[in-house]
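Novice: The sequence shown maps to residues 512 to 850 in this note's numbering. Even glycine gets a Cβ: it sits at the ideal position worked out from N, Cα and C. Since the structure is predicted, the reported quantities are computational estimates derived from the model, not experimental observations.
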Amino acid sequence: MNEGKAEQVDSRWWRWPLEAIFPDKKFDGQLQNPETEQVFDFNTVIASGNPFGVITNQIVYYPENDKRELYAVFISGLGQRESESSKRSRRYAHTLETGIANLNNSSYLKMHPIISFINKKLDWINAGLDRLNLSGSPVISNTAILTNYAITSNTILNISGDSHGTILLARGLRVAKRKYVDARAGIFDFKGRRLQEKKWEKRASQLINIFAFGNGYLNWVKGPSYIMVYIDGDVVPNNFGITPQKAIKLHREDIKFLIFDRIFPEGSFEAHNMMYTTQLLRQTFIKNNIQIGDFPALYNKIYQNTLEIAKVNEVPWPSDMKEYTWNLGSLEFIGQQAP
Numbered sequence: 512m513n514e515g516k517a518e519q520v521d522s523r524w525w526r527w528p529l530e531a532i533f534p535d536k537k538f539d540g541q542l543q544n545p546e547t548e549q550v551f552d553f554n555t556v557i558a559s560g561n562p563f564g565v566i567t568n569q570i571v572y573y574p575e576n577d578k579r580e581l582y583a584v585f586i587s588g589l590g591q592r593e594s595e596s597s598k599r600s601r602r603y604a605h606t607l608e609t610g611i612a613n614l615n616n617s618s619y620l621k622m623h624p625i626i627s628f629i630n631k632k633l634d635w636i637n638a639g640l641d642r643l644n645l646s647g648s649p650v651i652s653n654t655a656i657l658t659n660y661a662i663t664s665n666t667i668l669n670i671s672g673d674s675h676g677t678i679l680l681a682r683g684l685r686v687a688k689r690k691y692v693d694a695r696a697g698i699f700d701f702k703g704r705r706l707q708e709k710k711w712e713k714r715a716s717q718l719i720n721i722f723a724f725g726n727g728y729l730n731w732v733k734g735p736s737y738i739m740v741y742i743d744g745d746v747v748p749n750n751f752g753i754t755p756q757k758a759i760k761l762h763r764e765d766i767k768f769l770i771f772d773r774i775f776p777e778g779s780f781e782a783h784n785m786m787y788t789t790q791l792l793r794q795t796f797i798k799n800n801i802q803i804g805d806f807p808a809l810y811n812k813i814y815q816n817t818l819e820i821a822k823v824n825e826v827p828w829p830s831d832m833k834e835y836t837w838n839l840g841s842l843e844f845i846g847q848q849a850p
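(1) What are the residues that DSSP puts in a beta bridge with LYS767?
(2) How far does the beta strand (DSSP E) with SER671 in it reach, from first residue to last?
(3) Would you mind listing the beta strand (DSSP E) stretches within the stretch 681-762 that are 3+ residues and don't spill past its ends, in chain order?
(4) Taking a contact to mean a Cβ-Cβ separation below 9 Å, would you say ASP539 touches VAL650 in this structure?
(5) Is DSSP giving ASN613 helix, strand or coil here?
(6) Give me, in chain order, the residues of the same chain whose beta-carbon lies closer than 7 Å to that of THR789; leave out the 5 immediate sequence neighbours on both sides.
(7) Considering just the uninterrupted stretch of the beta strand (DSSP E) at ILE625, what are its terminal residues?
(8) Would the beta-carbon of GLY610 fall within 9 Å of that of ALA583?
(9) Which whole-angstrom value is the C-beta distance of ARG642 and PHE751, which I expect to be below 8 Å?
(10) Using only alpha-carbon positions, find the residue among ILE766, TYR810 and GLN569 that is nearest to VAL732.
(11) Could you check if GLU764 is buried or exposed, using at least 16 other CB atoms within 10 Å of its CB as the buried criterion?
(12) Just to confirm the assignment, what range does the alpha helix (DSSP H) spanning ILE557 have?
(13) Hey, could you find the ends of the alpha helix (DSSP H) ALA661 is sitting in?
(14) Taking 9 Å as the cut-off, decide whether the C-beta atoms of ASN726 and ILE770 are in contact.
(15) What does DSSP give as the partner residue(s) for ALA583 in the beta ladder?
(16) Taking only the alpha-carbon atoms, compute the straight-line gap between LEU842 and LYS631 and give it to the nearest angstrom.
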């Protein structure tokens, strides 16, 4: 990505030292078109007066076969500089034939770190702190702003997150709900606050759709429509996220699940690789005679418990899966040999 694109971002002064040391942090919480990789300053987009119009017309990447009827704002997982997250988002958009606009979850990874071993660990450390609510990110506050803008402007908003991105997304929704209530009821107005919470939840259920891949967070706020999707054996949702068993204990019947059969051996982190999950999801559209990318129809079948989930051996795995595979030895488990 060239330097001209970075100049469009207006960072807060207190982030300048961080961004000087870790250049990708310049893009944290900013919107990006995955096709052109152009970055748009989030605050400028919001101040435009028609932010969703700007996102729809300038920031969303629409794949060739998409009808431009629906798109998702996507928050990527950890360890992806903005160029890598754009590459994977293009794949996401192409596989599921849906528009994608990135809300960047930037990385501490550097091209030429002084101490490579430590540099590789920073994103993981940060994710752990985020999971424990001990650190912040512009992604959280900007997710909250987008969510409440959609709710107050009566606009449908589809948000998708992957892995670490689900943690930031969940926390952003929590902030959105709190800020909505705070703006409409005093801190000791318990009745008024409860009334506003119910109002936010009702509006969110009508307007906010969440599609989480490899979810790593447990306590999602009530309101939005949730679909949690992962491959059986994924250690992140099983250990840190919400599973069907946990949802029952938490009385969260509003959270729905789409869980694909196990592909990889127990303990393999490849089960967490969203690029495999999206291929299974694409085949699930086909298996159920749903047009690829018609997420409302998919949602309906999930909520009606009538969706037939695609099996591993039904997927015509693309020949270039090795480009999106973390451990090339994993390819043998989907019937392809690494070169």
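Specialist: Let me lay it out:
(1) In the sequence shown, residue 767 corresponds to position 256, counting from 1. Secondary-structure assignment with DSSP links LYS767 through a beta bridge to ILE738.
(2) Translated into positions along the sequence shown, residue 671 becomes position 160. Where SER671 is concerned, the enclosing beta strand (DSSP E) stretches over 668-673.
(3) 719-724 and 736-742
(4) Looking up residue 539 in the sequence shown gives position 28. Looking up residue 650 in the sequence shown gives position 139. Their beta carbons are under 9 Å apart, which means ASP539 touches VAL650 by this criterion.
(5) Locating residue 613 in the sequence shown gives position 102, counting from the first residue. Note: ASN613 maps to strand in three-state DSSP.
(6) In the sequence shown, the residue the question calls residue 789 occupies position 278. Apart from the 5 residues on each side of it in sequence, THR789 sits with its Cβ closer than 7 Å to the Cβ of TYR603, THR606 and LEU607 in its chain, given in chain order.
(7) Counting from 1 along the sequence shown, the entry for residue 625 is found at position 114. Segment: none, ILE625 is in no beta strand (DSSP E) and carries neither H nor E.
(8) The residue labelled residue 610 in the question sits at position 99 within the sequence shown. The residue labelled residue 583 in the question sits at position 72 within the sequence shown. With respect to ALA583, GLY610 sits close: the two C-beta atoms are nearer than 9 Å.
(9) For this step, residue 642 is matched to residue 131 along the sequence shown. For this step, residue 751 is matched to residue 240 along the sequence shown. Going by Cβ atoms, the distance from ARG642 to PHE751 rounds to 6 Å, so yes, they are a contact pair.
(10) On the sequence shown, residue 732 is found 221 positions in, with the first residue counted as 1. With distances taken between Cα atoms, VAL732 lies closest to ILE766.
(11) Counted from its first residue, the sequence shown places residue 764 at position 253. Looking at its Cβ environment, which holds fewer than 16 other Cβ atoms inside 10 Å, GLU764 is exposed.
(12) In the sequence shown, the residue the question calls residue 557 occupies position 46. Element bounds for ILE557: 553-557.
(13) Counting from one through the sequence shown, the residue named residue 661 turns up at place 150. Looking at the DSSP string, the run of the alpha helix (DSSP H) that includes ALA661 is 649-663.
(14) Within the sequence shown, the letter at position 215 stands for residue 726. Within the sequence shown, the letter at position 259 stands for residue 770. The answer is no: Cβ separation not under 9 Å.
(15) Residue mapping note: residue 583 aligns to position 72 of the sequence shown, counting from 1. Bridge partners of ALA583: ILE611.
(16) For the purposes of this step, residue 842 is taken as residue 331 along the sequence shown, with counting starting at 1. For the purposes of this step, residue 631 is taken as residue 120 along the sequence shown, with counting starting at 1. Spanning the two alpha carbons is a distance of roughly 24 Å.
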